[in-house]
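In our numbering, the protein residues as written are 68 to 247.
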């Protein structure tokens, strides 16, 4: 089994607090690098009496690029970024399922076990994402679908606790339309 992602229990309040803190750190880093690079580019290449908009813009864009590089290469795996990294991986995993959702839904209609597990993972992931983001309104619209699917899994003897995204499920559901 190739687990691509696993849903972890997390307090929504703590998640929002940690992501807010990491967001402020990244914004501060961008402001510092953007200003430093913009100042350096205008000092090195700009004209003292001319329009230096181009050099300021190039410096800010360079600062943005450096910020992205520092975050991905240095900060991403640090403890203060853990909540933001987890949220990003959760949303990325949900997007993988969304990209094959037409296959998933076709497989669920056919009673395919992989499709049913994949849809359950999707429901659990979306539920957690909405809870972490504090967006219960959108989640309330899905409750019936989530409950109905959970009951269908139980009726088939499948475990409804599908907290892991298995890469084999994604591959299996892509082949569902080929079977029909």
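Every residue, glycine too, gets a C-beta built ideally from N, C-alpha and C.
| Item | Value |
| --- | --- |
| Report, in whole angstroms, the separation of the C-beta atoms of residue 241 and residue 144, which I expect to be a contact under 8 angstroms. | With a Cβ gap of about 31 angstroms, residue 241 and residue 144 do not count as contacting. |
| In angstroms with no decimal places, state the Cα-to-Cα distance between residue 98 and residue 90. | 12 angstroms |
| What's the gap between the Cα of residue 219 and the Cα of residue 102? | 57 angstroms |
| Hey, would you say residue 73 sits closer than 8 angstroms to residue 231, going by beta carbons? | yes |
| Which term fits residue 135, buried or exposed, when burial requires 16 or more other beta carbons within 10 angstroms of its beta carbon? | exposed |
| Taking only the alpha-carbon atoms, compute the straight-line gap between residue 190 and residue 133 and give it to the nearest angstrom. | 37 angstroms |
| Using only the alpha-carbon positions, how far apart do residue 173 and residue 164 sit? | 13 angstroms |
| Report all residues from its chain with a CB closer than 7 angstroms to the CB of residue 229; omit the five preceding and five following residues, and keep chain order. | 184, 187, 188, 191 |
| Using 8 angstroms as the Cβ pair cut-off and three pairs as the minimum, do the stretch 204-220 and the stretch 75-95 touch? | no |
| Is it right to say residue 86 is buried, meaning 16 or more other beta carbons lie within 10 angstroms of its own, or is it exposed? | buried |
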